[in-house]
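First comes the structure, then the notes that go with it.
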Amino acid sequence: APMEAFFFETKGVTYSDANDVPFEFALVESPYLYNFADAKQDPDTFSERFRECNESKNSDENNGCVFTSLGGDSVLVAPLGLETTTNTNVYGHLASFVRRAPNEQIIQFWKLVMKVFLQRLQEAE
Numbered sequence: 006a007p008m009e010a011f012f013f014e015t016k017g018v019t020y021s022d023a024n025d026v027p028f029e030f031a032l033v034e035s036p037y038l039y040n041f042a043d044a045k046q047d048p049d050t051f052s053e054r055f056r057e058c059n060e061s062k063n064s065d066e067n068n069g070c071v072f073t074s075l076g077g078d079s080v081l082v083a084p085l086g087l088e089t090t091t092n093t094n095v096y097g098h099l100a101s102f103v104r105r106a107p108n109e110q111i112i113q114f115w116k117l118v119m120k121v122f123l124q125r126l127q128e129a130e
């Protein structure tokens with residue numbers, strides 16, 4: 006996508022209609038996110054969540070971290086920065102990640118996203 010930064014949003018679906026309703030998503034452009042994540046990085050907001058993921062089983066084999074949003078109303082899936090990566094801008098937002106992270110990490114991240122999505126569908130049933 007040519008956007009500098011974006012949100013990945015999915016359409017509402019239930020477990021019972023998942024086989025009949027095509028999967029849909031939208032990439033929603035966010036200039037604010039780009040300015041915030043690239044220019045004014047804040048490593049502290051979610052640092053506790055990432056630390057917990059690195060120390061517990063909340064980390065899916067170091068591919069990503071799954072946790073609730075600060076407001077508690079959604080589940081976030083975020084890639085974990087690789088220790089060998091010195092450019093923290095890679096992990097500032099999704100657009101940067103899919104453009105700059107190692108291909109294998111991107112593939113594993115999307116597998117984790119789908120795993121979490123399917124778990125959430127089953128839990129809601």
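Under our numbering, residues 6 to 130 are what the sequence shown spells out, in order.
All C-beta atoms, glycine included, are put in the ideal place defined by N, C-alpha and C.
These figures come from a predicted structure and were not determined experimentally.
Asked, Found
"By the three-class DSSP mapping on this structure, what secondary structure does Val82 have?", "strand"
"So which of Gly77, Leu126 and Ala106 has the shortest CA-CA distance to Val85?", "Before going on, a small fix: residue 85 reads as Leu here, not Val. Leu85 has its Cα closest to that of Ala106, out of Gly77, Leu126 and Ala106."
"Should Leu117 go down as buried or exposed, given a rule of 16 or more other Cβ atoms within 10 Å for buried?", "buried"
"Is Ala100 helix, strand or coil when you go by DSSP?", "helix"
"May I ask you to list the residues that DSSP assigns as paired with Val71?", "Val82"
"For a cutoff of 8 Å on Cβ pairs, would you count Asp78 as touching chain D?", "Any reference to chain D falls outside this structure, which holds one protein chain only."
"In this structure, does DSSP put Val142 in helix, strand or coil?", "The question about residue 142 has no answer here: the residues shown for the chain are numbered 6 through 130."
"Which of the three DSSP states, helix, strand or coil, is assigned to Phe13?", "strand"
"So, is Gly76 buried or exposed, given that buried needs 16 or more other C-beta atoms within 10 angstroms?", "exposed"
"Quick one: residues in its chain with C-beta nearer than 6 Å to the C-beta of Leu55, no 5 flanking neighbours on either side, listed in chain order?", "It should be pointed out that residue 55 corresponds to Phe in this sequence rather than to Leu. Cβ neighbours of Phe55 beyond the five flanking positions: Cys70."
"Checking 8 Å against the spacing of the C-beta atoms, do Asn68 and Phe114 come in under that value?", "yes"
"Can you tell me which of the three DSSP states Met119 falls into?", "helix"
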